[in-house]
Amino acid sequence: MKKEIIIVAIILFSVNLLNSQEKKENLKKIETGNWLDLTFRVLNEKGEEMPFSCVEQMPDFPGGYNALAKFITDTLEYPISAIRDSVEGNVITRFAIDKNGKVCNVITLKGVRNDLDSTCVKAISLMPNWTRPKLLDVDDEFLIQFVLPIKFRLE
Numbered sequence: 082m083k084k085e086i087i088i089v090a091i092i093l094f095s096v097n098l099l100n101s102q103e104k105k106e107n108l109k110k111i112e113t114g115n116w117l118d119l120t121f122r123v124l125n126e127k128g129e130e131m132p133f134s135c136v137e138q139m140p141d142f143p144g145g146y147n148a149l150a151k152f153i154t155d156t157l158e159y160p161i162s163a164i165r166d167s168v169e170g171n172v173i174t175r176f177a178i179d180k181n182g183k184v185c186n187v188i189t190l191k192g193v194r195n196d197l198d199s200t201c202v203k204a205i206s207l208m209p210n211w212t213r214p215k216l217l218d219v220d221d222e223f224l225i226q227f228v229l230p231i232k233f234r235l236e
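Each position in the sequence shown, counted from 1, maps to that position plus 81 in this note's numbering.
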C-alpha cells in the first residue's frame, strides 16, 4: 500500500514538473526528486526531537510546492565537471525551517559526488523564508525538518 501511494505521488508531481525541469542546455536535466517528503520532525533548540508536538501551521514555501520546484530548478546549476564526466544520480538533502520561517541546517543525507552535493546544499541555502510555522502551546525555539531529493540526469 505504501509503495502504491509513493508511486502515485511521484507520477502526479512529475506531471506538474515536466515543463519546468529542463535547464538551458539540452544535455542536462535536473529534477526535484518528484516528491517532497512531507513527514517532519519537530526539534527543540538542542536538536532533540519533541515527540508530542502538535503543528498548528506547517511552514510553506512562498507560492507553494510548484514554486519550490521551480526555484530549485532555476537555482541549481548542473556542474560542468559532472556533465563532462557523465555523472548522474540522486542527491538526498535535508533542511530545517526555524520558527521564523528561515531555512537552516542544510545537509546532504546521501550524496553522489562532491560537486553535485555542494550544488544542492547551496541552492537550498538560497531559498527565501518560508511562512512561519506555528506549534500549538509552544513558544520555545524549534525546527521543522524536511527531506528533498534532487535528481541529476543527462539526456
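We put the beta carbon where it would ideally sit given N, CA and C, even for glycine. The structure displayed is predicted, hence computed values, not measured ones.
First and last residue of the uninterrupted alpha helix (DSSP H) at L197: 195–206
task: Thinking V187 and F176 are a contact (beta carbons under 8 Å), I'd like their distance in whole angstroms, please.
output: 4 Å
query: So N230 packs on N171, CB below 8 Å; how close in whole Å?
result: Reading the sequence as shown, one finds Pro at residue 230 and not Asn. Contact flag correct, Cβ pair sits at about 5 Å.
message: Check whether the region 154–168 and the region 187–204 touch, using three or more Cβ-Cβ pairs below 8 Å as the test.
response: yes
Residues near D218 by beta carbon distance below 8 Å, same chain, minus five either side: C135
- prompt: If you compare alpha carbons, which of V228, L216, T212 is closest to I205?
  reply: V228
query: Which word fits P143, buried or exposed, when buried means at least 16 other C-beta atoms lie within 10 angstroms of its C-beta?
result: exposed
message: Could you compute how far the alpha carbon of F152 sits from the alpha carbon of D221?
response: 30 Å
- prompt: Any idea if A150 is buried or exposed, counting beta-carbon neighbours within 10 angstroms, 16 or more meaning buried?
  reply: buried
query: For C185, which residues does DSSP report across the bridge?
result: A177
message: So, with DSSP's three-state summary, where would you put I127?
response: Reading off the sequence, residue 127 comes out as Lys, not Ile. Here K127 sits in coil by DSSP.
message: Using C-beta distances below 7 Å, list every residue in its chain close to F223, excluding the 5 sequence neighbours before and after it, in chain order.
response: V123, L124, N125, M131, K180, L216
- request: For C201, count neighbouring Cβ atoms within 10 angstroms of its own Cβ and tell me buried if that reaches 16, exposed if not.
  value: buried
Alpha helix (DSSP H) segment containing R165, residue limits: 161–165
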